[in-house]
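Residue numbers (this note's numbering): -6 to 127. C-beta atoms are modelled at their ideal positions from N, C-alpha and C, and glycine is treated no differently. Report on the structure given below.
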């Protein structure tokens, strides 16, 4: 789990945004806020998050579980995958998968690894509608 804080961004708000979907994500060295114009360079914040529960729950609530399945498996190779989520959407307690473009507000880069990961993702994103539409 990682995100980049750009010089013009408030690092505490960036962390708050990430923690809205990954509350167990802990970053110990949060960059200080500087006065404008900031001479701080972009800072990459990297940490571990043990659960995708809020991402899956949010996707279910928003009725985008099929999108979640597609986005989460797009980069799947063996038992590892990566995908990006919008920080701006997360700040509004929404789940938005980012594919290719870099949206305003930045992204969270998520990497998952595990045995039978493809099956696990399919099971986590399962919904009854898949019985009726292929």
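- Pairing residue 24 with residue 43, the inter-Cα distance amounts to about 23 angstroms.
- Per DSSP, residue 118 lies in no alpha helix (DSSP H) segment and is marked neither H nor E.
- The DSSP-derived three-state label of residue 84 is helix.
- Relative to the Cα of residue 91, the nearest Cα in the group 100, 83 and 85 belongs to 100.
- Membership of residue 5 in the alpha helix (DSSP H) is indicated by the continuous run 4 to 14.
- DSSP places residue 48 in the uninterrupted alpha helix (DSSP H) bounded by 46 to 54.
- Counting of Cβ neighbours within 10 angstroms places residue 119 among the exposed residues, the total staying below 16.
- Spanning the alpha carbons of residue 6 and residue 95 requires a straight line of approximately 18 angstroms.
- Rounded to whole angstroms, the Cβ separation of residue 18 and residue 40 is 5 angstroms, and the two are in contact under 8 angstroms.
- Cβ-Cβ separation between residue 66 and residue 111: approximately 6 angstroms, consistent with a contact (criterion under 8 angstroms).
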